[in-house]
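Notes follow the structure.
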Amino acid sequence: MAEALVVRGVSKRFGGLRAVADFSFSVNEGETVALIGPNGAGKTTSFNLITGYYRPDAGSITAFGRELVGLPPYEICTLGLARTFQVARPFGQMTVLANVMTGAFLRDRRPHIARERAREAIRFVGLADKENALAADLTTIDERRLEMARALATEPKLLLLDEVMAGLNPSEIDQAVGLVGQLAQRGLTIVIVEHVMRAIMAVARHIVVLDHGQKIAEGTPRTVVGNPEVIRAYLGTGYAHPHPHATD
Amino acid sequence: MVPIKTIAIVLAATILIALPLVVKNAFALDICIRVLLFAFIGVAWNLMGGYAKQLSLGHAAFFGLGAYTSTLLLIRLGISPWIGIVAGGVVAMLVSLPIGWLCFRLRGPYFAIATIAVAQVLMLLFLKLRDFAWGAEGTTLPNLGNAPLMMQFGGKAGYYWLALVLLALALAITYRIERSWMGYYLVAVGEDEDAAEAIGVNAPRIKRDVYLISAFLTALAGTFYVQYIYFIDPNTAFSFNVSVEAALVSIVGGIGTLWGPVLGTILLEPTSALLQSTLGSGRGGVQLTVYALILMAVILWRPTGLLGIFTDTYQRIARRG
Ligand SMILES: Nc1ncnc2c1ncn2[C@@H]1O[C@H](COP(=O)(O)OP(=O)(O)O)[C@@H](O)[C@H]1O
Ligand SMILES: [Mg+2]
């Protein structure tokens, strides 16, 4: 299967801090991969490196065969990579519809087409009843929905989701898992950063674990959850017990 | 039935066009012309400063370039200001490219300060250009009487109509942009440049493009103004007041709205003209003080500009009706 994203030996320092160190992983087309690890592990920094917000000190990043290092974020988006921000960044003075239309204009400059596509994305994330609300007036959870709709409106081939489920209650998590599953079914390639293990187990077939900027494990959910180093660094010893199938 | 909005627009347009036929008082007509001109400059500024929130305080640079380009062409080569006004616009566009390249990497107040500096440098340059551009003394423009082909008119009415056309042009451009993808991109960049780039907005390019448009329009105002007052010198052409007023009328009226700068100018410009006529030479300081007070009042009471009061009222009435 063709590779959608290949990250090879990428490093990023902030002063003396090695936020990401010699990090490699790859994602096949149509696959959903989860990137997990404790706070400060370098997950968001990795997203910022992939999407052109930071330039890696070393390493290469290719998507769909194109080198991304050195490209500005908007060109990377044009190539088909869309991301959400961990802290949502809505355009507050625009309505929900206008926010998402701005994303849709990337693929078609005609307002009526962009409006139609935006409405589709808004409906998909469940914000249809708020399309005329000012983005500044949304709740945190609706902000995340908007963030996702706006990214989807750019018609990406690869979607990078940064903790879109943080702070959701269990039924909202189920909804979000459903959405991610639907996107995967449509053939979208997804990299998801998440702390909610239940959600990760539900959507990802492959997990990459970061700690202190380094990859400490990778594999199927089952093997990763049973990995002693992952348990020590991130999951804690309590994790494996309530899930009898999680360990072999 | 014809929608009420269309009737209102046709009515307003008729009144505006017929006004100089009724109003013969030169002082009143002069105020009207200044209102139209500064509303025009405000609308031009607002495209960039309002929609894209690139707060330029140096638009006098383009006003001055427009004024000098057409005047130099007129006096040195005898070329009609109708050609000069377009040439001035093109010069302003060309100059906006390196300015934008330098200044757009700065954000917030640093951007504003950089644009002030650029306008000041241009003023100093023209102060030094003694042989080529008359230095600090400036020059008067030849008075050709009523010569419409040379953009000179016997009475004030001609200038009034020209200013009205300019304002209509700028409003039409803004209207078109506001409704197109470009309007959305400008507002997105103004709200959050990084988030805009994440969804494919080429922020450097959109800022460059809107700067080109804004610079072009502002330069037209410069040509108009020197043709109107028959005089040019660096202090007039690159006046910091022009830069401030362009921003101020938009902020007072409603930043990033179609009609905001027009409303702001209607409130501010007559105030300034009346102050000038009643207080005479003491003008500079008093005018700035009054402006500062108005600005503070607006920011405290209606930070999004006064236009909001009208649109809110309109919506209340519309909902009731
Ligand atoms: N722009 C930055 N400047 C300095 N340090 C940063 C910057 N961004 C992230 N860091 C640091 O890099 C490390 C990794 O952060 P981050 O990628 O946000 O972690 P995660 O998303 O996995 O929680 C943290 O120690 C964080 O403080
Ligand atoms: Mg993070």
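Protein chains in written order, with my numbering: chain A, 10 to 257; chain B, 6 to 326. Idealized CB from N, CA, C, for every residue including glycine. Values in this document were obtained by computation on a predicted structure and should not be read as measured data.
Requested in this report: Just confirm the distance between the C-beta atoms of LEU273(B) and VAL254(B), as a whole number of angstroms; I'd bet it's less than 8 Å.
Outcome: If you number the second sequence from 1, residue 273(B) lands on position 268. If you number the second sequence from 1, residue 254(B) lands on position 249. The Cβ separation is near 6 Å, so the contact holds.
Requested in this report: Determine, using beta carbons only, whether THR111(A) comes closer than 7 Å to chain B.
Outcome: Taking the first sequence and counting its residues from 1, one reaches residue 111(A) at position 102. Yes - at least one Cβ of chain B is within 7 Å of the one on THR111(A).
Report task. Pick out whichever of THR316(B), LEU146(B), VAL291(B) and LEU225(B) has its Cα sitting closest to the Cα of LEU172(B). Result -> For the purposes of this step, residue 172(B) is taken as residue 167 along the second sequence, with counting starting at 1. The option with the nearest alpha carbon to LEU172(B) is LEU225(B).
Query raised in the report: For SER244(B), which of helix, strand or coil comes out of DSSP?
Result: Numbered from 1 along the second sequence, position 239 holds the residue referred to as residue 244(B). The answer is coil: DSSP assigns SER244(B) none of H, G, I, E or B.
Query raised in the report: In chain order, which continuous runs of the beta strand (DSSP E) of length 3 or greater are located wholly inside the segment 113-173 of chain A?
Result: Segments of the beta strand (DSSP E) lying fully in the segment 113-173 of chain A: 167-171.
Query raised in the report: By Cβ distance, which residues of its chain are closer than 8 Å to THR104(A), with the 5 residues on each side in sequence left out?
Result: Reading the first sequence from its first residue, position 95 is the one you call residue 104(A). Only GLU140, ASN141, ALA142, LEU143 and ALA144 meet the Cβ criterion.
Report task. Check the Cβ of ARG184(B) against every Cβ in chain A and list those closer than 9 Å, keeping chain order. Result -> As a first step, residue 184(B) is located in the second sequence; it is residue number 179 there, counting from the start. One finds PRO120 in chain A with Cβ atoms closer than 9 Å to the Cβ of ARG184(B), taken in chain order.
Query - Per-residue contacts from GLN102(A) into chain B (C-beta, under 9 Å) - result: Indexing the first sequence from 1 puts residue 102(A) at position 93. For GLN102(A), the chain B residues whose Cβ falls inside 9 Å of its Cβ are VAL192, GLY195, GLU196, GLY261 and THR309, in order along the chain.
Query raised in the report: How many angstroms separate the CA atom of THR256(A) from the CA atom of ARG231(A)?
Result: Taking the first residue of the first sequence as 1, we reach residue 256(A) at position 247. Taking the first residue of the first sequence as 1, we reach residue 231(A) at position 222. Unreliable positioning characterises THR256(A) in this predicted model, as indicated by a pLDDT of 36, which lies under 50. The coordinate reading is nonetheless provided below. So the alpha carbons of these two residues sit roughly 7 Å apart.
Requested in this report: Identify whether LEU293(B) lies in helix, strand or coil by the three-state DSSP scheme.
Outcome: Numbered from 1 along the second sequence, position 288 holds the residue referred to as residue 293(B). For LEU293(B), the three-state secondary structure derived from DSSP is helix.
Report task. Please list, in chain order, all residues of the same chain as ALA28(A) whose beta carbon is under 6 Å from its beta carbon, the five residues on each side excluded. Result -> Position 19 of the first sequence holds residue 28(A). Excluding residues within five positions, the ones whose Cβ falls inside 6 Å are LYS21, GLY51, THR54 and GLY222.
Query - Whether VAL200(A) touches VAL42(A) by CB criterion (7 Å) - result: Walking along the first sequence from the start, residue 200(A) turns up at place 191. Walking along the first sequence from the start, residue 42(A) turns up at place 33. Their beta carbons are under 7 Å apart, which means VAL200(A) touches VAL42(A) by this criterion.
Query raised in the report: Taking Cβ-Cβ distances below 8 Å as the criterion, which residues of the segment 242-258 of chain B are in contact with chain A?
Result: Residues are counted here when their Cβ sits less than 8 Å from a Cβ of chain A; for the segment 242-258 of chain B the count is zero.
**Report entry** Interface residues of chain A facing ASP317(B) [CB-CB closer than 9 Å]
**Finding:** Taking the first residue of the second sequence as 1, we reach residue 317(B) at position 312. Under the 9 Å cutoff, chain A gives no residues; its nearest Cβ is about 14 Å from ASP317(B).
**Report entry** DSSP three-state assignment for VAL206(B), whether helix, strand or coil
**Finding:** Walking along the second sequence from the start, residue 206(B) turns up at place 201. Three-state DSSP puts VAL206(B) in coil, outside helix and strand.
Query raised in the report: Who are GLN157(B)'s beta bridge partners in DSSP?
Result: Counting from one through the second sequence, the residue named residue 157(B) turns up at place 152. Paired residue(s): ALA152(B).
Query raised in the report: Hey, quick one: how far does the beta strand (DSSP E) through SER180(A) stretch, first residue to last?
Result: The residue you call residue 180(A) lines up with position 171 of the first sequence. No beta strand (DSSP E) holds SER180(A); the alpha helix (DSSP H) holding it covers 179-194.
**Report entry** 7 Å Cβ cutoff met for ALA91(A) and ALA160(A)
**Finding:** Counting from 1 along the first sequence, the entry for residue 91(A) is found at position 82. Counting from 1 along the first sequence, the entry for residue 160(A) is found at position 151. For ALA91(A) and ALA160(A), yes; Cβs fall inside 7 Å.
Query raised in the report: Of all the CB atoms in chain A, is at least one closer than 7 Å to the CB of TYR189(B)?
Result: The sequence position of residue 189(B) within the second sequence is 184, counting from 1. So, interface residue.
Query raised in the report: Using a Cβ-Cβ distance under 7 Å, would ARG92(A) count as near chain B?
Result: By one-based count along the first sequence, residue 92(A) stands at place 83. Cβ-Cβ to chain B under 7 Å: yes for ARG92(A).
Query raised in the report: At which residues does the alpha helix (DSSP H) containing PHE67(B) begin and terminate?
Result: Locating residue 67(B) in the second sequence gives position 62, where the first residue counts as 1. Counting along the chain, the alpha helix (DSSP H) containing PHE67(B) begins and ends at 65-82.
Query raised in the report: Assuming PHE221(B) contacts ALA57(B) under a Cβ cut-off of 8 Å, what Cβ separation, rounded to an integer in Å, is found between them?
Result: Counting from 1 along the second sequence, the entry for residue 221(B) is found at position 216. Counting from 1 along the second sequence, the entry for residue 57(B) is found at position 52. About 16 Å separates the beta carbon of PHE221(B) from that of ALA57(B), a gap too long to meet the 8 Å contact definition.
Query raised in the report: Can you find a C-beta in chain B that's less than 7 Å from the C-beta of THR148(A)?
Result: Sequence index remark: in the first sequence, residue 148(A) carries index 139 (1-based). With its beta carbon at least 7 Å from every one in chain B, THR148(A) lies outside the interface.
Query raised in the report: Does the Cβ-Cβ distance between ALA251(B) and TRP50(B) come in under 7 Å?
Result: Position 246 of the second sequence, counted from the start, is the residue given in the question as residue 251(B). Position 45 of the second sequence, counted from the start, is the residue given in the question as residue 50(B). Using a Cβ distance threshold of 7 Å, ALA251(B) and TRP50(B) count as a contacting pair.
Query - Test item: CB-CB of THR198(A) and GLU76(A) under 7 Å - result: Taking the first sequence and counting its residues from 1, one reaches residue 198(A) at position 189. Taking the first sequence and counting its residues from 1, one reaches residue 76(A) at position 67. Pairing THR198(A) with GLU76(A) gives a Cβ-Cβ distance that is not under 7 Å.
Query raised in the report: Would the segment 30-50 of chain B and the segment 69-85 of chain B be scored as touching if the rule is three or more Cβ pairs under 8 Å?
Result: Counting C-beta pairs with one atom in each stretch, the segment 30-50 of chain B and the segment 69-85 of chain B have fewer than three that are closer than 8 Å, which means they do not touch.
Query raised in the report: Is it right to say ASP272(A) is buried, meaning 16 or more other beta carbons lie within 10 angstroms of its own, or is it exposed?
Result: For residue 272(A) there is no data in the structure shown, the boundaries of chain A being 10 and 257.
Report task. Starting from the C-beta of LEU154(B), find all residues in its chain whose C-beta is less than 8 Å away, skip the five residues before and the five after it, and write them out in chain order. Result -> Taking the first residue of the second sequence as position 1, residue 154(B) is located at position 149. Counting only Cβ-Cβ distances below 8 Å, and skipping sequence neighbours, we find SER85 and TRP87.
Query raised in the report: What are the partner residues of LYS224(A), as DSSP defines its beta bridges?
Result: As a working note, residue 224(A) is residue 215 in the first sequence. Partner(s): LEU219(A).
Query - Check whether SER75(B) and GLY94(B) have beta carbons under 7 Å apart - result: The residue given as residue 75(B) occupies position 70 in the second sequence. The residue given as residue 94(B) occupies position 89 in the second sequence. No, the Cβ-Cβ distance between SER75(B) and GLY94(B) is not below 7 Å.
Query raised in the report: Mind checking whether GLY55(B) and GLY188(B) have CB atoms under 7 Å apart?
Result: For the purposes of this step, residue 55(B) is taken as residue 50 along the second sequence, with counting starting at 1. For the purposes of this step, residue 188(B) is taken as residue 183 along the second sequence, with counting starting at 1. Their beta carbons are not under 7 Å apart, which means GLY55(B) does not touch GLY188(B) by this criterion.
Report task. Kindly say whether ASN207(B), judged by its beta-carbon, lies nearer than 7 Å to any beta-carbon of chain A. Result -> The residue you call residue 207(B) lines up with position 202 of the second sequence. So, interface residue.
Query raised in the report: Does the Cβ of THR54(A) lie closer than 6 Å to at least one heavy atom of ligand 3?
Result: In the structure shown, ligand 3 is absent; the only ligands present are ligand 1 and ligand 2.
Query raised in the report: Which runs of the beta strand (DSSP E) spanning at least 3 residues fall entirely within the segment 31-100 of chain A, listed in chain order?
Result: Counting whole runs of 3 or more residues, the segment 31-100 of chain A contains the beta strand (DSSP E) stretches 41-45, 67-72 and 90-92.
Requested in this report: Buried or exposed for HIS64(B), please, with buried defined as at least 16 other CB atoms from any protein chain shown within 10 angstroms of its CB.
Outcome: Within the second sequence, numbered from 1, the residue matching residue 64(B) stands at position 59. Only buried fits HIS64(B), as 16 or more other CB atoms lie within 10 angstroms of its CB.
Report task. Identify every residue that forms a DSSP beta bridge with ARG27(A). Result -> Mapped onto the first sequence, residue 27(A) falls at position 18. Beta-bridge analysis with DSSP links ARG27(A) to ARG22(A).
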